[in-house]
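Notes follow the structure.
Encoded structure:
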């Protein structure tokens, strides 16, 4: 393949570019710091890299940075993603892809020796906005734990 974006990964092109937004931890109601996301195709277009950073807005905040790589597993016919963050957590994520304006992904998060089942829902809201909903199953069913709304910048 040349230097272009692979046809399957190109279906994630919506996430390329710069985004900023806000979110909330739903279990506590605490607002999250401003979230900045930079998305770009890497490695000859086979991967979409997203870099996440929460912009510090005060002392004492545990500011998070993370990297996510999205690709496509042709054998399984699904999107795959790996997530790594500055707290030492990582996640393996899979999704069949977009259904209309929704992309639902199942995740296994490894955090300090614990394994958590999670689900992420990404919702396109026009060309320049998306919402992210995160749910976790800690053994008592799915619970919505956080949400963010991001808008394209620049």
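Residue numbers (the numbering used here): 35 to 188. Just so you know, even glycine gets a beta-carbon here, dropped at the ideal spot from N, CA and C. Predicted model only: the values in this text are computed from it and were never measured.
| query | result |
| --- | --- |
| Are the CB atoms of residue 59 and residue 158 within a distance shorter than 8 Å? | no |
| Output yes or no for whether 8 Å exceeds the beta carbon distance between residue 118 and residue 100. | yes |
| List, from N- to C-terminal side, the beta strand (DSSP E) runs of 3 residues or more that fit wholly inside the region 93–134. | 99–107, 112–119 and 124–129 |
| Which of helix, strand or coil does DSSP assign to residue 35? | Confidence is the limiting factor: at residue 35 the pLDDT is only 40, short of 50, which leaves the residue's position unreliable, though a coordinate-based value still follows. Residue state, collapsed to three classes: coil. |
| Looking at residue 150 and residue 172, is the spacing between their C-beta atoms short of 8 Å? | yes |
| Closest to residue 106 by C-alpha separation, out of 131, 185 and 165, would be which residue? | 131 |
| In three-state DSSP terms, what is residue 45? | helix |
| Give the DSSP-derived three-state secondary structure of residue 153 in the structure shown. | strand |
| In the structure shown, what three-state DSSP assignment does residue 166 receive? | strand |
| Spatial neighbours of residue 112 within its chain, please: CB distance less than 8 Å, with the 5 preceding and 5 following residues excluded, ordered by chain position. | 106, 128, 129, 130 and 131 |
| Are the CB atoms of residue 185 and residue 53 within a distance shorter than 8 Å? | yes |
| Give the secondary structure of residue 159 by DSSP, where H, G and I count as helix, E and B as strand, and everything else as coil. | coil |
| Does residue 84 come out as helix, strand or coil in the three-state DSSP assignment? | strand |
| Looking at C-alpha atoms only, which residue of 160, 61, 148 and 104 is the closest neighbour of residue 77? | 104 |
| Hey, residue 124 and residue 116: beta-carbon distance below 8 Å or not? | yes |
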